[in-house]
Amino acid sequence: MSTAAATDTRPMRLFRARVSRITDLTPSFRRFTFTGDDLHEYGDPGYDQRIKVVFPRPGGSLDTMPTADDWYTPWREQDPDERHPFRTYTTRAVRNELREVDVDMVAHEVSGPASAWIRDAAPGDEVMLAAPTIHHGGARLGVDFVPPERTEKYLLVGDETAAPAIAVMLEQLPREARGVVVLEVPYEADAAYLPEHPGFHIEVAGRGDGERHAHLDRAAAEQAAALCPDGRGSDVEEVDVDSGLLWEVPRTAKGGAALKSAPLYAWVAGEAGAIKRIRRHLVREVGVDRRAVAFMGYWRLGRAEN
Ligand SMILES: Cc1cc2nc3c(=O)[nH]c(=O)nc-3n(C[C@H](O)[C@H](O)[C@H](O)COP(=O)(O)OP(=O)(O)OC[C@H]3O[C@@H](n4cnc5c(N)ncnc54)[C@H](O)[C@@H]3O)c2cc1C
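Numbers given in our numbering equal positions in the sequence shown, counted from 1, plus 997.
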């Protein structure tokens, strides 16, 4: 009989972690650095890699959170008033050797379990992170940034919830990459959040008291038209963002990019109503090739994630 400890090689799982540091980067972006005994096993497929963060109910213990591979099914069977809520976030940085993971969260008005936790959290507080492990084997689990191998220009468009993903892309894309970022953030001072990239022009605006998404709509349309002057518009089917999910990521059956090369690859994420408008404009009016554009409704104004 073998006495060797079984090695856990699951490609994804729940990690139990606690807050080790909280850093206010700008007025709206708050960095949570998590540490945990097994975070040396936390995977880092990169770019816009999404995770679920499970927040403990006030006064509750995460011991009641199901942790099997298929944790979602037993979680759904738990009493909705008793189970721990979770929301979707982006891995910002992983330091396996230090057993640390950074997640940057927008401190928006308190309207749900995540925003309440973001406001009140303190070092030592626990969460669970549903994320890939180092055994993901190159499968880009939860990664929706899938550009063609030869992409001449990138257009990255988002609101503040997409800023962590755009920040990772700017850090990880090669120095020779070229493109434009259009970003809308709550305040002018939040513009400092994004890192620089020598090949990217960054058009960021704080909305202040102005209308939400006005900058995003205008600047995304202008930049797309400049980057794709010869596009030919095509029809787009409408998505009801109040009942369905706006999530369109072109890829092959094996998960790769739908095209081998493209003059422009667009990645657009944020509030679903704004993303729907931008999607329609980019595909129908500007004529960006649908096979080279990813649209993701990250959240919906007036509607909780689950
Ligand atoms: C793939 C993906 C990656 C994401 N990555 C990040 C990330 O890295 N950092 C990050 O901060 N967010 C990120 N988000 C967005 C985040 O999941 C939502 O903002 C989340 O719904 C907040 O949860 P909540 O409990 O505060 O609100 P919910 O309970 O989900 O919603 C309650 C109310 O709050 C409103 N609301 C939700 N989010 C916001 C917001 N940002 N501003 C204003 N009102 C809001 C809703 O419209 C609703 O009316 C990501 C979402 C997805 C799908």
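Quick reminder that beta carbons are idealized off the backbone N, C-alpha and C, glycines included.
Give a single yes or no on whether residue i has its beta carbon closer than 7 angstroms to a heavy atom of ligand 1.
i, result
"G1299", "yes"
"E1302", "yes"
"Y1262", "no"
"T1158", "yes"
"A1211", "no"
"V1103", "yes"
"S1058", "no"
"Y1295", "yes"
"G1109", "yes"
"Y1069", "no"
"T1030", "no"
"Y1151", "no"
"Y958", "With the chain represented from 998 up to 1303, any question about residue 958 goes unanswered, as that position is not in the structure."
"R1054", "no"
"R1288", "no"
"Y1039", "no"
"S1240", "no"
"P1192", "no"
"P1161", "yes"
"T1020", "no"
"T1085", "yes"
"S1231", "no"
"S1112", "yes"
Measure the C-alpha to C-alpha separation of residue i and residue j and round it to an integer number of angstroms.
i, j, result
"H1198", "L1152", "10 angstroms"
"Y1190", "D1101", "10 angstroms"
"F1292", "A1259", "17 angstroms"
"R1007", "A1202", "41 angstroms"
"T1000", "P1161", "Its pLDDT being 43, under 50, T1000 is placed unreliably by the model, and nothing is read from it."
"G1205", "I1163", "21 angstroms"
"T1023", "A1186", "6 angstroms"
"K1150", "P1226", "13 angstroms"
"Y1039", "H1132", "9 angstroms"
"S1017", "G1121", "6 angstroms"
"E1146", "G1139", "19 angstroms"
"P1195", "R1172", "7 angstroms"
"K1273", "V1107", "25 angstroms"
"R1096", "W1296", "30 angstroms"
"G1056", "A1159", "31 angstroms"
"E1094", "A1111", "28 angstroms"
"T1148", "R1137", "19 angstroms"
"M998", "S1058", "At M998 the pLDDT is 42, less than 50, meaning the model places this residue with poor confidence; the figure from the coordinates comes in the next sentence. Roughly 37 angstroms separates the two Cα atoms."
"D1034", "G1270", "40 angstroms"
"R1288", "A1090", "29 angstroms"
"L945", "P1129", "Residue 945 is absent from the model: the chain starts at 998 and stops at 1303."
"R1276", "H1210", "14 angstroms"
"E1074", "D1066", "15 angstroms"
"M1166", "P1077", "36 angstroms"
"W1072", "R1175", "43 angstroms"
"E1235", "V1124", "37 angstroms"
Does the separation of the CB atoms of residue i and residue j fall below 8 angstroms?
i, j, result
"D1045", "T1087", "yes"
"G1109", "A1301", "yes"
"L1126", "V1098", "yes"
"G1253", "V1143", "yes"
"F1305", "R1015", "The requested residue 1305 does not occur in the structure, where the chain is confined to residues 998 to 1303."
"R1027", "D1021", "yes"
"E1200", "Q1220", "yes"
"V1179", "A1216", "yes"
"H1037", "M1062", "no"
"K1049", "T1004", "no"
"F1052", "F1083", "yes"
"H1212", "E1181", "yes"
"S1141", "V1265", "Checking the sequence, you will find Asp at residue 1141 rather than Ser. Not a contact, by the Cβ cut-off of 8 angstroms."
Return the Cβ separation of residue i and residue j in integer angstroms, given the expectation that the two are a contact with Cβ distance under 8 angstroms.
i, j, result
"Y1294", "V1238", "For the sequence presented, residue 1294 should be read as Gly rather than Tyr. Indeed, because the Cβ distance is near 6 angstroms, the residues count as touching under 8 angstroms."
"S1231", "V1280", "6 angstroms"
"A1250", "V1285", "About 23 angstroms separates the two Cβ atoms, so there is no contact after all."
"V1283", "G1228", "5 angstroms"
"I1019", "A1118", "7 angstroms"
"A1218", "H1278", "5 angstroms"
I'd like to confirm something about residue i: is its beta-carbon nearer than 7 angstroms to some heavy atom of ligand 3, or not?
i, result
"R1047", "Among the ligands modelled here, namely ligand 1, ligand 3 does not occur."
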